[in-house]
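The sequence shown begins at 27 in the numbering used here and counts up by one. Beta carbons are placed, not taken as given, at the ideal position from N, Cα and C, and that holds for glycine. Just so we're clear, the structure is a prediction, and the values are computed from it rather than from any experiment. Here the structure is laid out as structure tokens; the discussion comes afterwards.
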Amino acid sequence: MKTSKFSFLLLAVLAALLLQRPALAATQLQGAGATFPAPLYQRWIAEYTKANPDVQINYQAIGSGAGIKQFTQDLVSFGASDAAMTDQEIAAVKKGVVLVPATAGSIVLAYNLPGVETLKLSRDAYVGIFLGKIKKWNDPAITKTNEGVKLSNMSITVCERSDGSGTNFVFTKHLSSISPEFKDQVGEGTSVTWPTGVAGKGNDGVTALIKQNRGAIGYVEYGYAQHNKLPFAQLQDKAGEFVTATTATGAATLATTQFPPNLLRAWPSDPDGKDCYPIATFTWLLIYKKYDNAPIGEAVK
27 MKTSKFSFLL LAVLAALLLQ RPALAATQLQ GAGATFPAPL YQRWIAEYTK ANPDVQINYQ
87 AIGSGAGIKQ FTQDLVSFGA SDAAMTDQEI AAVKKGVVLV PATAGSIVLA YNLPGVETLK
147 LSRDAYVGIF LGKIKKWNDP AITKTNEGVK LSNMSITVCE RSDGSGTNFV FTKHLSSISP
207 EFKDQVGEGT SVTWPTGVAG KGNDGVTALI KQNRGAIGYV EYGYAQHNKL PFAQLQDKAG
267 EFVTATTATG AATLATTQFP PNLLRAWPSD PDGKDCYPIA TFTWLLIYKK YDNAPIGEAV
327 K
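As structure tokens, then:
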């Protein structure tokens with residue numbers, strides 16, 4: 027769901043920052059946060075700085091949790107998070123916070139099963155995998171929705187995030203919304219204790235783990251799976267249909283999102299609609315309401 031509309035929005039936000047911080051930000055902006063939208067942000071930044079060579083924008087894809095921390099500590103010009111910010115985190119920022127839903131994407135379950143090009147996972151199956159209850163690829167919970175697909179007794183290697191992550195937050199929020207057992211045992215959050223699996227840092231780290239391990243499955247942003255040519259499973263929706271992650275099915279999910287008044291923060295954790303991919307989310311830029319000029323003097327020195 028990466029559109030020119032969102033690109034325009036990010037450029038507008040960056041332009042506003044430049045106007046508010048004329049001396050320091052005219053030469054450099056520092057941003058940090060989510061890995062989920064990082065490839066897109068880097069392309070936007072390259073386009074912007076090419077048109078504005080006097081501006082340097084450095085975005086560090088360190089994960090939503092670390093990005094929020096740096097933003098609340100006033101260490102960056104802007105942050106980025108797939109988990110937005112909590113009310114408590116917002117209240118801790120004296121300058122005030124504006125949450126900007128800058129772009130969006132889907133979280134897919136990418137896998138490494140040579141010879142298996144199509145895989146359908148029911149809700150019970152993928153919840154069971156990430157709870158560590160389903161350990162083999164030929165478990166009946168998987169084979170019953172994959173008639174004609176050769177699934178061996180290969181062990182399942184679950185790949186997850188090691189860092190505080192908005193991708194973690196969105197994925198665990200979805201799992202908690204469809205499974206009381208998952209909600210009770212693991213819960214939702216940017217960091218959780220997984221009952222099984224191996225962990226990698228960032229979407230790129232999890233992607234690498236999946237590629238390196240036969241029998242692996244993990245949750246990554248749609249674009250990472252596509253770029254690395256990793257297949258990903260069709261997931262069962264609320265109506266029992268199996269839906270593939272595409273631009274269209276992700277957009278259908280996002281269209282169901284209802285934002286509360288005066289706060290652009292919401293997640294369609296279990297969308298109810300035809301052709302809605304089950305796990306799609308907005309991702310936010312974190313902007314201060316006020317930018318003081320204290321750093322400008324330091325830059326001049």
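If you count every other CB in all the chains shown that lies within 10 Å of the CB of residue i, and 16 or more means buried, which is it?
| i | result |
| --- | --- |
| Gly105 | buried |
| Gln262 | buried |
| Gly174 | exposed |
| Ala128 | buried |
| Arg69 | exposed |
| Glu267 | exposed |
| Ala49 | Here the model assigns Ala49 a pLDDT of 41, short of 50, so the residue's position is not dependable, and the following value carries that caveat. With fewer than 16 other Cβ atoms within 10 Å, it is exposed. |
| Ala77 | exposed |
| Pro221 | exposed |
| Asp189 | buried |
| Arg187 | buried |
| Arg47 | Model confidence at Arg47 stands at a pLDDT of 44, short of 50, so the residue's coordinates are unreliable and nothing is read from them. |
| Leu289 | exposed |
| Asn172 | buried |
| Lys199 | buried |
| Leu103 | Note on residue identity: the sequence assigns Ser, not Leu, to residue 103. Label assigned to Ser103: buried. |
| Gln260 | buried |
| Gly141 | exposed |
| Lys31 | For Lys31, the predicted structure reports a pLDDT of 42, less than 50, and the residue's modelled location is therefore unreliable. The matter cannot be settled from this model. |
| Leu44 | Its pLDDT being 45, under 50, Leu44 is placed unreliably in this model, and the value from its coordinates should be taken loosely. Its Cβ being crowded by 16 or more others within 10 Å, Leu44 is buried. |
Can you tell me where the alpha helix (DSSP H) with residue i in it begins and where it stops?
| i | result |
| --- | --- |
| Gly276 | Thr273 to Leu280 |
| Pro206 | Pro206 to Gln211 |
Quick check on the DSSP output: the beta strand (DSSP E) that includes residue i runs from which residue to which?
| i | result |
| --- | --- |
| Gly249 | From DSSP, Gly249 is part of no beta strand (DSSP E) but of the alpha helix (DSSP H) over Tyr248 to His253. |
| Val224 | Val224 to Gly226 |
| Leu55 | Gln54 to Gly59 |
| Gln284 | Premise fails: Gln284 is in no beta strand (DSSP E) and is neither H nor E. |
| Phe308 | Ala306 to Tyr314 |
| Leu261 | Gln260 to Gln262 |
Among the options, which residue has its Cα nearest to the Cα of residue i?
| i | options | result |
| --- | --- | --- |
| Gln86 | Asp80, Leu280, Leu101 and Thr270 | Leu101 |
| Thr282 | Pro221, Glu267, Pro304 and Trp70 | Pro304 |
| Leu177 | Thr183, Pro166 and Arg187 | Pro166 |
| Asp296 | Ser181, Ala278 and Ala225 | Ala278 |
| Met111 | Gln99, Gly91 and Ser103 | Gly91 |
| Thr307 | Glu73, Asn172, Thr233 and Tyr248 | Tyr248 |
| Lys161 | Cys185, Thr275 and Gly141 | Cys185 |
| Ala265 | Gln99, Arg149, Lys170 and Val119 | Arg149 |
| Val124 | Gly299, Arg291 and Asp298 | Arg291 |
Since residue i and residue j should fall inside the 8 angstroms C-beta cutoff, what is the C-beta to C-beta distance between them, to a whole number of angstroms?
| i | j | result |
| --- | --- | --- |
| Phe208 | Asp108 | Between Asp108 and Phe208 the Cβ distance is about 19 angstroms, and since that is not below 8 angstroms, they are no contact. |
| Leu280 | Ala130 | 6 angstroms |
| Lys316 | Lys95 | Actually they do not touch by this definition, with Cβ atoms about 20 angstroms apart. |
| Leu139 | Gly241 | 7 angstroms |
Quick check on the DSSP output: what are the complete alpha helix (DSSP H) runs of length 4 or more inside the stretch 134-198, in order along the chain? Qualifying alpha helix (DSSP H) stretches, in chain order: 149-156 and 166-169.
| message | Threshold first: 4 residues or longer. Then list the alpha helix (DSSP H) segments lying entirely within the stretch 60-135, N to C. | response | Complete alpha helix (DSSP H) runs here, min 4: 64-77, 90-98 and 113-117.
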